[in-house]
Each structure stands twice: as structure tokens, then as C-alpha cells.
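Q: Quick note: the sequence shown uses our numbering, first residue 7, plus one each step.
All residues carry an ideal CB built from backbone N, CA and C; glycine is no exception.
Can you keep this structure in mind? I'll have questions shortly.
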Amino acid sequence: MPENKFNTNGLTDAEVLIAREKHGLNVSTYKKINRFLRALIGMVKEPMMILLLAASTIYFISGKTSDGIFLVSAIVLISLISLFQNARSHNALEQLKDIIKPKCKVVRNGIAVEIKTEEIVIGDSLMVEEGTFISADGVIMHSNDFSVNESILTCESMAVSKDKTTEDNKIYQGTTAVGGLAIATVFAIGSDTKLGKIGKSLEAITDEKTPLEVQIGNFVKKMAVAGALVFLVVWAINYFHSYNLYDSLLKALTLAMSILPEEIPIAFTTFMAIGAWRMMKEGIVVKQMKTVETLGSATVICVDKTGTITENKMSLAKIFSLTSGEISSLDALSADEKHLITMAMWASEPIPFDPMEVALHEAYSAISKEDQRPDFQMVHEYPLSGKPPMMTHIFEDQSGSRIIAAKGAAESIMASAALTADETKSVLQAIKDFSADGYRILAVAESRFATKNYPKTQQELPFEFIGLLAFYDPPKKNIASVLEHFYKAGIKVKIITGDNAETTAAIAKQIGFAGYEKSISGDALMQLSDKALQVRVADTSLFTRMFPEAKLKIINALKANNEIVAMTGDGVNDGPALKSAHIGIAMGKKGTEIAKQAASLILINDDLSKMVDAIGMGRKIYANLKKAIQFIISIHIPIILTVFIPLALGWIYPNIFSPIHIIFLELIMGPTCSVVYENEPMEQNTMSQKPRPFTTTFFNWKELSTSIIQGLVMTVGTLFVYQFCVYQEYNESLTRTMVFLTLISANVFLTFENRSFYYSIITTIKYKNNLVFLIAAITIAITALMLYVKPLTDFFALEHLSIRQAALSIGIGCISVLWFELVKIGKRNIQPANP
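Structure below.
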């Protein structure tokens, strides 16, 4: 390769520093919202916060200053916890955003380097390749078959061809290169770009809520409405019994507080944001929170062959020259075989970025005695087109000597060249032999077209078939294990590739791919009706000679079959299918920016095994969120009923709890659900279960029944202690103390019990999660202080308990929770865990 292949040396390091000092970074500055203030306003609007403020105000008005101070302190504590969780989630998401910021290439000091987009400076030589987002405004200085989509600025969806001679020879930030390559000199960055000047519209963009977030919001709203109605009823009952306005309001507020499950939205936000952050640490970038929800439900994953199943490390392995009619290795090349490699190089891009074209330029450098590339300039080109595709380049030197070279799929090149029956037979046999060994095949042709009145299409040129090149792209070492993990998890795998059926089947067989025997081509697939296609995609796993429209049809047919579809992709043409799939997966290294933009998830190191991890983590996050929400619902039920039933039934102590008791219980539950369960490890059988139906939610009867039953049994235990105290003629404060201790004990035991709805507590106690024991220890310690430190005991209107009384409360709390171990035994007997 010639050293100065970019036709420019770009800026030097010193010039970059001067330009940055003068013009700043390539960053647009828009109005920013005060995140702290927004979080604070959001908290004040929360129903629980409104109730707390109301209760503390009533305490102060009615002269109960100490209770009012406690509630104000609780408000401050809850606010700090919420702000911490909000900051934790925000920081995790900000780190994700930083990871997925597009990078770009610039020519500096005569070489191409990859930099962050904000590091572009005025005067930089920006190198734009097919599939990349343009990061600054620039003037085109050099281009090869370059076209750009400027719909973000012009609303025109059609790609526009540009070079340095066109009337508009500029590229603009935010637009997309859809073909070829260009090198442009940057003249505007940041807010001074064309997009930056109209960028105020970006301020209006709001985050879309995920389906589960909507369900949670609706559930909490319904509970808030229920709380409001119950508040009015309880206030009315209390008021007409006592005619004490403040006291009746406080008692009604107590019940309203017990009904609101305000921990659920906090838990959801924490789980999704921290879960996405954990994935990022594993090399999996989740761009959209809804992807985390969907991951655990994936039933089908559609993968490309090149770069996903294989290494994408193209090496020229064998060669077939039509002149000799023989397949040979690269040890001792004849003149005809060297000519074949040379013409394949001329048919490639002058500045190669595709691995196959890079291999061809390297092969040419190895065989050529004299490098002719500096002597020839491209004068005309036909871009990659057709089904299957081919491309043609025309070069001339100063003396008028011309080279016309074409390369592409064997079917296209054969159709464009004049071959005799014997030659066709010889070529087809070579294709069969190459394919059987899993080689990727490239056909090469040349033309001796003399005039400059070039035909409209490359297929009209008079081509002479030269031969075939066989490239080997070995399967990734871990791919067989990855497939095994997908199959074990109940996930079907389908290969969708542009390669031919024989080559793909050979590679598929090598890696133990299920269903390699049966395939369908893109053209055949397009002929099927929608109904027939749905049947065909269900029983076919190998899709070859695919093009964008065919890929999209496959994804839509799978979705019509109620499959939850994940799809990998890296090219410009994968964009529509990636966007259509439930989970679009782009490759971080070889993926184009278009693919990354369309995808909802990026594998940073192009390692498909990370998708196994991602699905496992998605299942874990969903399962742990389910545990947290079921814990919240279960523990709220005994609180609600213990407050409501004595009042409604006119028991001797109708108002056993006050707001300070409820808020203490809330402070215990909050960290448990949003910190402890988020940190839970993945259960042993997670990746051996079938995918969770995507329609499943936490808020239907099937999902809620376990929580409701657990809550009702705890209520029975709590009210049993209440009635026992009445039977023993204990006073109100002693009764309150024993009921309160029963509830706290049940809370602690439920934390351990609900770590798994399948494995026993003896198994789960060995799970690595130190936060469980830390939170439990803190809860027990604070409760002990409340019971046995007199100022605290008096403040909470409790009493010291004897060992017998404390043991009874703790024992009932334990029994009312651990009965669920019998249910788990039944589950394990009916459905043993897979090994």
C-alpha cells in the first residue's frame, strides 16, 4: 500500500492543540435541567411524601411536637435515601451514555486514528465510512462512491451522492454515510454546525416509559386512589366516634400510609439502572431500559455468520483460475493466479475497510514486484448492487491505460460474463468444493471496455470471468458452547447470512448448529405468502443469500408467531431488521454506527457469549424485581389489615398503630426491596428454564396470588398475637409492642424466605449477598433499642417485653412466613431443577 493513501496528512498534534484552544470541543451546549431540583420536585409530588407532610403538620398543630419532629426527620431521611437512589441510577445511566457515544476517525500525522467525537477540531481531516454518523460539518476533499442520508436536516429519505466536484460538496453533523468513503476538512463543530444551530429541538425530547414502568405506574395510581377512598372512610368513622378532627385525621392518615406501595417505583428504577450498569461492566451496553425487561423473554436469536459465528478474520486460503481449471493453494502462484488476485484488488476500495478487501490488498502487496496503485486513479465506479451483489471499479493512469475489474457473488459474476458450458461446469464444481470446506467465495472478472460512454449498469459491461478466490473465516472458539447455552435456556437460534447455502451449512455443521441440513434463500423466501412464511420460519434455521427486505420479513414473521426476537447485525442494511426486532444487537467493534443506533443493545467486544450473559442477567433482574415487588405487596397486606380490621370491627384497641409506627416499618422495607434484592445473585436454575412469556406481569392474579396468600397468613399471625394479648388482658401499649415485634419479625424472615420461590431457605442462605445480613442486623438492632432503651420505648408508645412475650411474637412472625417452605418442597417434587 502507498504510505499516503489518504491524499492528506491531516493536522499535526501541535495544530490540534492550537485549534482546540481557539475553538473548543465538538460539543453542543443546550439548556440543562437541574437534576437535583427536578428530583426534589418529583419527591414532593409523591403521595407518601404528601401524607407525611400532612401528618407532621397535624402533630405540630395538635401540640405533639416530638412526633412532628420525628416525622420531619423521617421526611429528611426518606428524601436522602431517594436522592441517593436517584443519583445512583442517574450515574449508572450516564456511564452507559458515555460508552455508547459514537466515535469517529480522523487523519492526523498522516495516519487514521479513532477518537471521541468531542475531540474533533476545526481543520481536522474527518474520515467517513459507510455506516457511520457524521460528527462535524466539513468539505469533501476525497471520496469513493460516497453517498449520504441527510433526512435529519432535509426530511428527504433518499441518499444523496456527493464528491468534491458536486455543487453541495459538504457533509453535515448528524447525517449518515450510507455508502462508500469520504475524507472531509472540518469547518464547523458543536453548536456552530448546521444541526447545532437547530438543536434546540433536542431539549423537547422526553424519555419514553417502558411497558413494565407503565404497569407499575398504573398499579401505584390505583393504590393511591384506594388509599384516598379508605382515608375518607376511616376519617369519617373516627370523627363520628370522637368528634376530634386532628386525632381522626391522624388515624386516617395512618391507614392511607400503610396502603401506598411507594417502594415499587423506586425499586423498579434502581433495578433497571443498576442492572444496565452491571451489564456494561460485563461488556454489554443496554441503550434502552425496556431491553432489560425483554431480555428474559427472548425465545429466538437470529445471528449473522460473519463476525458473529466466525472470527471475521479473512485470510485468502485457496484460488481457482479459470485458465488452469484447477484449485490451488497460495504456495506457488502462476502468472494467471497472480493476475486473478491483482484484479480482485483493483475491484476493491482504494482505501479498504472491509476485512476481505484488506486481505486482497495485503495479498497484492505480497505478490507484486512493483506497486501500481500510486499510478492509477479511479475514474468511474459501480457500487455494490444486485441480488446477490457485485461491484465494479474503473482505473486509468496518465497514459490512458485502463483497468476494469469486478468482484462479487459467484452467481452475479457468472451471469454477467460469457462462459461456455464446460467452463460453467468447472466453475460450479470449484464452488461446490470450496463451499463444502466452509470457505467464503468471491468471483472476479475483468472487462476491456474501451470507450468512456459507460453503460448505466455494470452488468452491461462485456466481462471476462477470471476465477474464484476462497477466503477462510474460522468459527469462533467458544461458539459451540454458546449455542449449547442458548439451546439449554430454551432459545432457538437461526442463522441469517448473505453467504451461500453450502458454505453456511458447512460452518454450521462444524459448530454443532441444530438444523443446518435445511435452508432457504432470500429470493425463495420473498415468493412465500405471509402465512406460508410464518410456517417456514418456524421449522427453518438456516437463511442464506439474504438481503435487507428478506431479513425484515423473517423478523416480522417470527414476531407474528409470537416469538420474542433478538437479532444481531453490524451493517447499514441490518438497520431495519435490528429496529424491528424486540432486541436489536449491534457489534461494538465491527458494527457500523447505523447498526448501533438502530439496536437496543451493543456487544462491546463482538462476543456472542455475552448475549448468553445478557439473557441470564435479564432473567436475574426480572426475577429479583419480582421478588422485591412480591415482598412489598406481601408485607403491606398485614400492615393494612392490622390497622383497618380492629377499627372496622370495633376491637378494644381500634388504633393500634400511629403514623410514626407505619413510617418506621416503611423505612425498614425500603432498603430491603431496593438494595437487598437488587444485589441477589442469579439462581442455579435460571438458565435452564424456558423463556418467561413477555405478557407476564407482576399485577395479574397468577403473579399476585402468592404475595396475597403470604400477606394474609402474616395477617393471621399478627392478629392472633393481638387477640392473645387481649385474652391475657394486656394493656394497649403492651399489645402494640407485641404486634409491632411480630410484624418486624415477619419482615425479617420474609426477606430471607422470598430470596427464592423454589429453593429452600437453607440453600439460599448460602447465596453470596452480604447486604441481606447487614440490613437484617440493622433492623434487629434498631428494634432492640426501641424495646429496651426507655426514651425510645416511651416515644414509640411501646413497653419492655419479657423473654416469653418476645419469643412468642418472634415465633409467630417466623411461623407466619416459613410455612412457605412446604410449598417450595411441593414445587421441587413436581418440577425438579435441571442439572
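#1: Spatial neighbours of Q837 within its chain, please: C-beta separation below 6 Å, excluding the five flanking residues on both sides.
#2: Measuring CB to CB, does P389 end up less than 7 Å from S418?
#3: State the Cα-Cα distance for the pair L804 and V732, rounded to the nearest angstrom.
#4: Where does M623 sit, in a helix, a strand or coil, going by DSSP?
#5: Does V719 pass the burial test, meaning 16 or more other C-beta atoms within 10 Å, or should it be called exposed?
#6: Pull up the distance between the alpha-carbon of S391 and that of Y628, whole angstroms please.
#7: Count the other CB atoms within 10 Å of the CB of K760; is the residue buried (16 or more) or exposed (fewer)?
#8: Do I750 and T724 come within 7 Å of each other at the CB atom, strictly closer than that value?
#9: DSSP three-state label for T398, please.
#10: Helix, strand or coil: how does DSSP classify H667 here?
#11: Where K206 and V33 are concerned, what is the direct C-alpha to C-alpha distance, given to the nearest angstrom?
#12: Quick check: the stretch 473-484 against the stretch 444-458, are at least 3 beta-carbon pairs closer than 8 Å?
#13: Leaving aside the five residues before and after A563 along the sequence, list all residues of the same chain whose C-beta is less than 6 Å from its C-beta, in chain order.
#14: For the structure I just gave you, are there three or more beta carbon pairs, one from the stretch 329-341 and one from the stretch 518-530, closer than 8 Å?
#15: Hey, K168 and F193: beta-carbon distance below 7 Å or not?
#16: Taking the C-alpha atoms as reference points, what is the distance between L798 and A232?
#17: Does DSSP put Q383 in a helix, in a strand, or in coil?
#18: For T457 and L467, I'd like the C-alpha separation in whole angstroms.
#19: Measure the alpha-carbon distance for V306 versus L614 and round it to whole angstroms.
#20: How big is the Cα-Cα spacing for A601 and G575?
#21: Please return the same chain residues whose Cβ sits closer than 6 Å to the Cβ of Y2, not counting the five positions on each side in sequence.
#22: Can you check the stretch 577-641 for any alpha helix (DSSP H) of at least 4 residues that lies completely inside it and give the ranges in chain order?
#23: Figure out for me which residue from T398, A424, A427 and G281 has the closest Cα to the Cα of K413.
#24: With a threshold of 7 Å on Cβ separation, who are the neighbours of P660 within its own chain once the five nearest residues in sequence on each side are excluded?
#25: First and last residue of the beta strand (DSSP E) that includes M792?
#26: Please tell me whether V778 and V682 are closer than 7 Å, where the distance is taken between their beta carbons.
#27: Let me know if S422 comes out buried or exposed under the rule of 16 or more other beta-carbons within 10 Å of its beta-carbon.
#28: Out of I786, K109 and T199, point me to the one whose CA is closest to Y1's CA.
#29: When we look at the beta-carbon of W241 and count the other beta-carbons within 10 Å, is it buried (16 or more) or exposed?
#30: List, from N- to C-terminal side, the beta strand (DSSP E) runs of 3 residues or more that fit wholly inside the stretch 539-571.
#31: Using the beta-carbon count (16 or more within 10 Å), is Y249 buried or exposed?
#32: Classify E738 as helix, strand or coil using the three-state DSSP reduction.
#33: I'd like the span of the beta strand (DSSP E) that includes I502, first residue to last.
#34: Find out if the Cβ-Cβ distance for the pair L607, A583 is shorter than 7 Å.
#35: On the three-state DSSP scale, how would you describe H491?
A: On the basis of the coordinates in this document:
#1: Within the same chain, no residue comes within 6 Å of Q837 by CB-CB distance, once the 5 residues on both sides are set aside.
#2: In this structure, S418 does not lie closer than 7 Å to P389 by Cβ.
#3: Rounded to whole angstroms, the separation of the alpha carbons of V732 and L804 is 16 Å.
#4: M623 carries a helical assignment under DSSP once its states are collapsed to helix, strand and coil.
#5: Result: buried.
#6: So the alpha carbons of these two residues sit roughly 44 Å apart.
#7: First, the amino acid is wrong: residue 760 is Asn here, not Lys. By the 10 Å Cβ count, N760 comes out buried.
#8: Their beta carbons are not under 7 Å apart, which means T724 does not touch I750 by this criterion.
#9: Here DSSP, grouped into helix, strand and coil, assigns T398 to strand.
#10: Looking at H667 - three-state DSSP - the assignment turns out to be helix.
#11: Confidence at K206 is low in this model, with a pLDDT of 45, below 50, so the placement of that residue is unreliable and no value is reported for it.
#12: With three or more CB-CB distances shorter than 8 Å, the stretch 444-458 counts as touching the stretch 473-484.
#13: Annotation for A563: L539, Q540 and V543 place their beta carbon closer than 6 Å to its own, counting only its chain and skipping 5 residues before and after.
#14: No contact exists between the stretch 329-341 and the stretch 518-530.
#15: Judged by beta-carbon spacing, F193 lies beyond the 7 Å limit of K168, meaning their Cβ atoms are not closer than that value.
#16: Near 33 Å, if we compare the C-alpha coordinates of A232 and L798.
#17: Here DSSP, grouped into helix, strand and coil, assigns Q383 to strand.
#18: For T457 and L467, the distance between alpha carbons rounds to 11 Å.
#19: Computed Cα separation, rounded: 14 Å.
#20: Rounded to the nearest angstrom, the gap between the Cα atoms of A601 and G575 is 7 Å.
#21: With the chain covering only 7 through 841, there is no way to say anything about residue 2.
#22: Within the stretch 577-641, the complete alpha helix (DSSP H) runs of at least 4 residues are 581-586 and 599-604.
#23: It is T398.
#24: Result list for P660: P652 and L653, in chain order.
#25: Going by DSSP, M792 is part of no beta strand (DSSP E) but of the alpha helix (DSSP H) stretching over N776 to Y794.
#26: A distance below 7 Å separates the beta carbons of V778 and V682.
#27: Buried, by the Cβ-count rule.
#28: This structure leaves residue 1 out entirely; the chain is present only between 7 and 841.
#29: By the neighbour-count rule (16 or more Cβ atoms within 10 Å), W241 is buried.
#30: Counting whole runs of 3 or more residues, the stretch 539-571 contains the beta strand (DSSP E) stretches 548-550.
#31: Exposed, by the Cβ-count rule.
#32: Helix, per DSSP.
#33: Counting along the chain, the beta strand (DSSP E) containing I502 begins and ends at K498 to I502.
#34: Cβ distance not < 7 Å, so L607 and A583 don't count as in contact.
#35: DSSP, reduced to helix, strand and coil, places H491 within a helical segment of the structure shown.
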